[in-house]
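These notes concern the structure reproduced below.
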DNA sequence: GGGTAGATTGGG
DNA sequence: CCAATCTACCCT
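Numbering (the working numbering), first residue to last: 107 to 315.
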């Protein structure tokens, strides 16, 4: 896409995702993700570089069956299972062969509210439905079946450009949540003041038993 | 093959 | 603060 512009067309979004991960992460803010009858507006993301110099990336130690899709072309979903119970979703970015990706950390449910509530019955406030990477996937019904899916066509999981562009000065940046290292790298981006942005939690290694 | 830490969440 | 719950990945 033309540099400095947020994606307004599907082609712009495809070009953005094919480029460097940091602009891609910022540009994903405001985009719509639809799955399972629910649509969210993305409000918080984190960038992860490929094997080069990002110890927090799942691709840091090279290609494995789990992270294989990260090494492929951009625009596909990298979905992983963690803590024995949660699914999280990334959008693969960068050129084919480079394993960068953007974690979708939170969103605002803008359509399919009833469906989202069915999947997250304990939630009280609508702003909590997709407030967190695993909560977002739960609200949308995203699991292993979404692994590798291309997001820019008319498949079951669809990513679309922002309805209203997010102004540059409305984007805040800070350290990534839950990562053990690289706390000096401000690769988490969110829409400042948005109530659906997840709370920051410092990573605490679990005590050994 | 075994041991361990994990891009989290919900409850106390 | 801590348990839940299980998998991918590295190696005591």
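For each residue, glycine too, the CB sits at the ideal point set by N, CA and C.
- Taking C-beta separations shorter than 6 Å and ignoring five residues to either side along the sequence, the partners of residue 280 in its chain run 292 and 294, following chain order.
- Counting only residues of its own chain and dropping the five nearest sequence neighbours on each side, residue 301 has a CB closer than 7 Å to the CB of 233.
- Across the set 143, 180 and 145, the C-alpha of 180 shows the shortest separation from the C-alpha of residue 131.
- Of the residues assessed, residue 116 falls on the exposed side of the cut-off, its CB having fewer than 16 other CB atoms within 10 angstroms.
- DSSP places residue 219 outside any beta strand (DSSP E); the residue lies instead in the alpha helix (DSSP H), whose first and last residues are 219-225.
- Under the three-state reduction of DSSP, residue 194 is assigned to strand.
- The three-state reading of DSSP puts residue 272 in coil, since its state is none of H, G, I, E or B.
- With respect to the C-alpha of residue 289, the residue from 276, 303, 298 and 309 having the closest C-alpha is 309.
- Unbroken beta strand (DSSP E) stretches of 3 residues or longer found wholly inside the region 239-305: 263-266, 277-280 and 294-297, given in chain order.
- Of 303, 112, 210 and 178, the smallest CA-CA separation from residue 243 is found for 210.
- Annotation for residue 147: the continuous beta strand (DSSP E) segment containing it runs 144-154.
- Leaving aside the five residues that flank residue 169 on each side, the residues in its chain whose CB is nearer than 7 Å to its CB run, in chain order, 177.
- Apart from the 5 residues on each side of it in sequence, residue 114 sits with its Cβ closer than 8 Å to the Cβ of 267, 268 and 271 in its chain, given in chain order.
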